[in-house]
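Numbering (our numbering), first residue to last: 61 to 220.
The structure appears below as structure tokens.
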């Protein structure tokens with residue numbers, strides 16, 4: 061790894077300054093998700109949920125039985141943090157874990173009936189928070205934005 065010269069660091073900082081934070085998509089995406097999660101925080105707290113718990117239940121409501129490493133990718137959560145969240149969700153009876161049929165070291169995660177019912181009660185809040193993000197944005201622009209995000213994920217080869 062080579063040392064970065066002061067001039068190079070200043071040039072990089074100057075490039076971001078030229079773009080501005082409001083023109084830098086990764087910054088805007090982080091701000092959006094931060095505000096989205098903050099808007100759900102009160103209801104999550106009422107349910108005793110953390111963001112990793114909420115994300116795990118949301119993914120499991122759509123994808124049946126992912127491996128824990130896959131679930132970590134879908135939830136954008138470090139595997140150690142996710143494991144703690146899954147321990148709590150299992151203790152609450154909201155998920156169950158099963159050993160992978162071919163690899164005993166791998167574990168699949170499933171939503172229980174109680175987990176599905178609990179998540180379905182929370183879903184309207186998530187849907188409304190997402191709708192609030194798109195307030196005043198026509199359906200065509202929403203669809204284009206979503207398509208662009210999907211292309212960006214594909215560019216990163218981030219599956220999940």
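Just so it is clear, CB atoms sit at the ideal spot from N, CA and C, and this is done for glycine as well.
None of these values were measured; they are calculated from a predicted model.
Endpoints, the alpha helix (DSSP H) within which residue 129 is located:
Residues 128 to 135.
Return the CA-CA distance between residue 152 and residue 146, expressed in angstroms with no decimal places.
Take the alpha-carbon of residue 152 and the one of residue 146: they are about 10 angstroms apart.
Rounded straight-line distance, which links the Cα of residue 89 to that of residue 75:
Distance between the alpha carbons of residue 75 and residue 89 is about 19 angstroms.
Helix, strand or coil at residue 92 according to DSSP, with G and I counted as helix:
Under the three-state reduction of DSSP, residue 92 is assigned to helix.
Residue 216 to residue 209 span [Cα, whole Å]
Their Cα atoms are separated by approximately 11 angstroms.
Rounded separation between residue 101 and residue 184 - CA only
Roughly 14 angstroms separates the two Cα atoms.
Beta-carbon proximity of residue 155 to residue 142, cut-off 8 angstroms
Taking the C-beta atoms as reference points, residue 142 is found no nearer than 8 angstroms to residue 155.
Please go through the same chain and pick out, in chain order, the residues whose beta-carbon is closer than 6 angstroms to the beta-carbon of residue 158, but skip the five residues on each side of it.
For residue 158, where only same-chain residues beyond five positions count, the Cβ hits under 6 angstroms are 168.
Residues sharing a beta bridge with residue 170, DSSP
Partner(s): 156.
Below 8 angstroms, can you find three or more Cβ-Cβ pairs linking the stretch 173 to 184 to the stretch 110 to 123?
As far as the Cβ criterion goes, the stretch 173 to 184 touches the stretch 110 to 123, which means the pair count is three or higher.
Please go through the same chain and pick out, in chain order, the residues whose beta-carbon is closer than 7 angstroms to the beta-carbon of residue 131, but skip the five residues on each side of it.
116, 119, 142 and 169.
Close-in-space but distant-in-sequence residues of the same chain around residue 148 (CB under 7 angstroms, 5 per side omitted):
Excluding five sequence positions before and after residue 148, the CB atoms of its chain that fall closer than 7 angstroms to its own CB belong to 113, given in chain order.
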